[in-house]
Amino acid sequence: MMLDGNWSLPASGERVLLFGLVSRTPSDPDGSPSAEFTVDVHYIATRREYVTHGIYIVASQWEPNAVRSRQELEASLRAKLESVEGTPKLAGILPKTTYLVGTGMVTGGSCRVYFPTGYQPGAPVDLVTKVWLKLLLNICLETINMGLVLRPRDLRDRSSTLPLIGKYVQHKRKWRWQSAEEWAWKALAKVMLEKYLCVYTPSDIFATYHKLWQYGMPGNPAPAEEMD
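Numbering (my numbering) for the sequence shown: 663 to 890.
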């Protein structure tokens, strides 16, 4: 949202966050659920782009019940956040659609978007901040495509700017998140250097996140510790 400089996000608004996934080829040898898909496309699209061309994948986001649900959630969150001093300011609720490319499989949801700490709505975003945000987006994309899963650190843990990183491994009949700290960040740094010519460390990149969103992203759930 900061990259395009537009923070108008009413719950019934005209934009949707889209993720197009493809099945991983070859498949992950361990069958980990975190490595089943890679992100093929990701962008924020307008409702008009899809309605005009008759593309159905986002249509359900503007059905009356879906819009009403987002409006109620937004009103509830605003009342809750504004009643407590020092809490983040909600920018809005953004519809989110994920689809599997080449199939009819589509899931919908919503994403809570918060203003960065100290950011004034309507203020321009400087070029340096945009560059760091792009690096942050790229490293998150590569994390997903490597089958890795990020988890937030405890708010009291100031030992690193990096989130926790790991992958799902099978434990009996369930999949359990397991740390991959010992190798994953080095592997990501190598990918960032080779693919994006980025000489900054993952720690440098995530420092930008903590500078802009000092409070984290409340209400956006962390990945499960364990799944079936």
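Backbone N, C-alpha and C fix where the C-beta goes; we use that ideal spot for every residue, glycine too. These figures come from a predicted structure and were not determined experimentally.
Distance CB(residue i)-CB(residue j) smaller than 8 Å
i, j, result
"TYR712", "VAL720", "yes"
"GLY809", "SER685", "no"
"CYS773", "LEU798", "no"
"VAL790", "GLY682", "no"
"PHE777", "ALA741", "no"
"VAL853", "TYR830", "no"
"ALA707", "LEU739", "no"
"ARG813", "TRP839", "yes"
"PRO825", "ARG815", "yes"
Rounded straight-line distance, which links the Cα of residue j to that of residue i
i, j, result
"ARG677", "VAL703", "16 Å"
"ARG818", "VAL861", "29 Å"
"GLN723", "GLY770", "7 Å"
"LEU855", "HIS833", "34 Å"
"GLU725", "ARG820", "43 Å"
"LEU859", "ASN800", "12 Å"
Residue range of the beta strand (DSSP E) that includes residue i
i, result
"ASP866", "No beta strand (DSSP E) holds ASP866; the alpha helix (DSSP H) holding it covers 864-874."
"TYR858", "No beta strand (DSSP E) holds TYR858; the alpha helix (DSSP H) holding it covers 846-858."
"LEU683", "677-685"
Nearest-angstrom Cβ-Cβ length linking residue i and residue j, presumed shorter than 8 Å
i, j, result
"SER865", "THR823", "5 Å"
"LEU795", "THR870", "7 Å"
"GLU843", "ILE867", "That belief does not hold up - the Cβ atoms of GLU843 and ILE867 are roughly 16 Å apart, past 8 Å."
"THR779", "TRP875", "6 Å"
"VAL746", "THR759", "Incorrect: roughly 31 Å between the Cβ atoms, too far for contact."
Three-state secondary structure (DSSP) of residue i
i, result
"SER841", "strand"
"ALA753", "strand"
"LYS829", "strand"
"ALA785", "coil"
Extent of the continuous alpha helix (DSSP H) run through residue i
i, result
"THR805", "789-807"
"VAL701", "From DSSP, VAL701 is part of no alpha helix (DSSP H) but of the beta strand (DSSP E) over 699-708."
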